[in-house]
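Student: Going by numbering that gives the first Met the number 0, the sequence shown opens with residue 0, and the numbers climb by one from there.
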Amino acid sequence: MSVGVVSPVLDAESATAAVAVLVGNPGSLVATRGPQWVQEDTARRLVADAAITFLVDGGAAVVLADRMQTPGHLRLAVAPAADEALTPQLLDTALREVIVFLAASVDLVRIDLAFGVYNEMFVEWALAAEPVRFEGVLTDAYFAGGRYWDGVIVAVTGLALEGFREHEASTLELRIADRLRRRIRADLQTDPVEAPA
0 MSVGVVSPVL DAESATAAVA VLVGNPGSLV ATRGPQWVQE DTARRLVADA AITFLVDGGA
60 AVVLADRMQT PGHLRLAVAP AADEALTPQL LDTALREVIV FLAASVDLVR IDLAFGVYNE
120 MFVEWALAAE PVRFEGVLTD AYFAGGRYWD GVIVAVTGLA LEGFREHEAS TLELRIADRL
180 RRRIRADLQT DPVEAPA
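#1: Looking only at its chain, what residues have a beta carbon closer than 7 Å to the beta carbon of Gln-35, apart from the 5 residues adjacent to it on each side?
#2: If you measure between the beta carbons of Val-136 and Val-151, is that distance less than 8 Å?
#3: Beta strand (DSSP E) containing Trp-124: first to last residue?
#4: Only counting the same chain, and skipping five residues up and downstream in sequence, which positions put a Cβ closer than 7 Å to that of Ala-14?
#5: Is the beta carbon of Met-120 within less than 7 Å of some heavy atom of the ligand NAD?
#6: With burial defined as no fewer than 16 other Cβ atoms inside 10 Å of the residue's Cβ, what is the status of Ala-42: buried or exposed?
#7: For Ser-104, is the classification buried or exposed, using 16 other Cβ atoms within 10 angstroms of its Cβ as the cut-off for buried?
#8: Rounded to whole angstroms, what is the Cα-Cα separation between Ala-153 and Arg-182?
#9: Go to Gly-135, then tell me how far its beta strand (DSSP E) extends in each direction, as first and last residue.
#10: Determine the extent of the alpha helix (DSSP H) in which Val-116 is found, giving its start and end residues.
#11: Which residues does DSSP pair with Ser-6 in a beta bridge?
#12: Reducing DSSP to helix, strand and coil, say where Leu-90 ends up.
#13: Is the beta carbon of Val-61 less than 8 Å from the beta carbon of Ala-78?
#14: What number of angstroms, rounded off, separates the C-alpha of Asp-91 from the C-alpha of Ala-185?
#15: Suppose the cutoff is 6 Å on Cβ atoms and the five residues either side in sequence are ignored; what does the same chain contact list for Val-97 look like?
#16: From the DSSP output, which residues share a beta bridge with Asp-65?
#17: In the structure shown, what three-state DSSP assignment does Arg-109 receive?
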């Protein structure tokens, strides 16, 4: 079940693909958790413990949605298969699709993302994405390139989250109408109606 460029991890095959992405790029400067060596058993546990995991573009990246302590609060973590595989356009599309998917839950009140300030792609995304707001600084939270870097927390909450919920409802209506059109077209092709003479 694909939502666009993202597809939820729902079976053993997609879970194996997600684990492969998590262990495959340990020095990533684009991963939101920073450059980390992740062993296969740890990656399996990350996928299993996440509220939901998404594969992006067939394995270009993984997005994990982790439950936080407060009910209705999810934190996203992104790990690319290769830094160059995750383009700014793919990142924007994937995160928007993930947020729309998650916003369909009525008990969701907050989605956030934390990343190092050295991560230019995420900084640029957060600055350009309208519903995203900067909420805090994490001092010396990331180690990359031989030094400690500050991080930031960005979030989608409140009315912005409602906007994603409304988008999901209108998108669902469009998908239903599109399926109906395709079905009618298929029915007309299999049972052609003669044109009046």
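We treat Cβ as the ideally placed atom computed from N, Cα and C, and that holds for glycine.
Tutor: Taking the definition as stated:
#1: Around Gln-35: Pro-25.
#2: The criterion of a C-beta distance shorter than 8 Å is satisfied by Val-136 and Val-151.
#3: Unbroken run through Trp-124 is the alpha helix (DSSP H), 119–127; no beta strand (DSSP E).
#4: Cβ neighbours of Ala-14 beyond the five flanking positions: Val-8, Val-46.
#5: Among the ligands in the structure shown, none appear at all, so the ligand NAD cannot be discussed.
#6: Taking all protein chains in view, the Cβ of Ala-42 is crowded by 16 or more other Cβ atoms within 10 Å, so the residue is classified as buried.
#7: Within a 10 Å sphere around the beta-carbon of Ser-104 sit fewer than 16 other beta-carbons, which makes this residue exposed.
#8: According to the sequence displayed, residue 153 carries Val and not Ala. Going from the Cα of Val-153 to the Cα of Arg-182 covers about 42 Å.
#9: From DSSP, the beta strand (DSSP E) with Gly-135 extends over 132–143.
#10: Counting along the chain, Val-116 sits inside no alpha helix (DSSP H), nor does DSSP assign it H or E at all.
#11: Bridge partners of Ser-6: Leu-54.
#12: Leu-90 falls in the helix class under three-state DSSP.
#13: A distance below 8 Å separates the beta carbons of Val-61 and Ala-78.
#14: Distance from the CA atom of Asp-91 to the CA atom of Ala-185, rounded to whole angstroms, is 34 Å.
#15: Excluding residues within five positions, the ones whose Cβ falls inside 6 Å are Val-5, Phe-53, Val-62.
#16: Beta-bridge partners assigned by DSSP to Asp-65: Arg-74.
#17: DSSP, reduced to helix, strand and coil, places Arg-109 within a strand of the structure shown.
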